[in-house]
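Residue numbers (the UniProt record's numbering): 1 to 131.
In this text, a Cβ means the ideal position worked out from N, Cα and C, and glycines have one as well.
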């Protein structure tokens, strides 16, 4: 793993604060961190694995008489990360929890790893962050 990224960013909580931060999601700052750190890998675990699935158009949410159509769309953020050269990893357990067809809906370029593989990679990173 000689060319491993310097920072590992782990996301486990999904859709936290989506209404409060309608313009962005937890992945919003990752392109800048990737650029400033010399490289990042992003690992999606648990419910956050859903960020890496092709889910179609941006969702809307209806609250009473108000429709919110400015919610973040994490699959679009993941696609931007991949385009910027960020390695995006998803844990197999989280993927399996999303149903038998989840692997077929992964965005192109996302890598699937076993849960134990993630912890084994930690020593090769300069920093490990939980976002």
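Handout entry: Of the listed residues 50, 34, 91, 129, nearest to residue 75 (C-alpha basis)
Key = Nearest to residue 75 by C-alpha distance, out of 50, 34, 91, 129, is 50.
Exercise for the section: Could you tell me which of 89, 69, 61 sits nearest to residue 46, measuring between CA atoms? Expected result: Closest in alpha carbon position to residue 46, among 89, 69, 61, is 89.
Exercise for the section: Please name the residue or residues paired with residue 67 in a DSSP beta bridge. Expected result: According to DSSP, residue 67 bridges with 62.
Exercise for the section: Determine, using beta-carbon pairs with one atom in the stretch 92-111 and one in the stretch 120-128, whether at least three such pairs fall under 8 Å. Expected result: Using a C-beta cut-off of 8 Å, the stretch 92-111 makes no contact with the stretch 120-128, since fewer than three inter-stretch Cβ pairs fall below that distance.
Practice task
Could you have a look at residue 97 and say whether DSSP puts it in helix, strand or coil?
Solution key: Residue state, collapsed to three classes: coil.
Exercise for the section: Out of 11, 44, 33, state which residue places its alpha-carbon closest to the alpha-carbon of residue 113. Expected result: The candidate whose alpha carbon is nearest that of residue 113 is 44.
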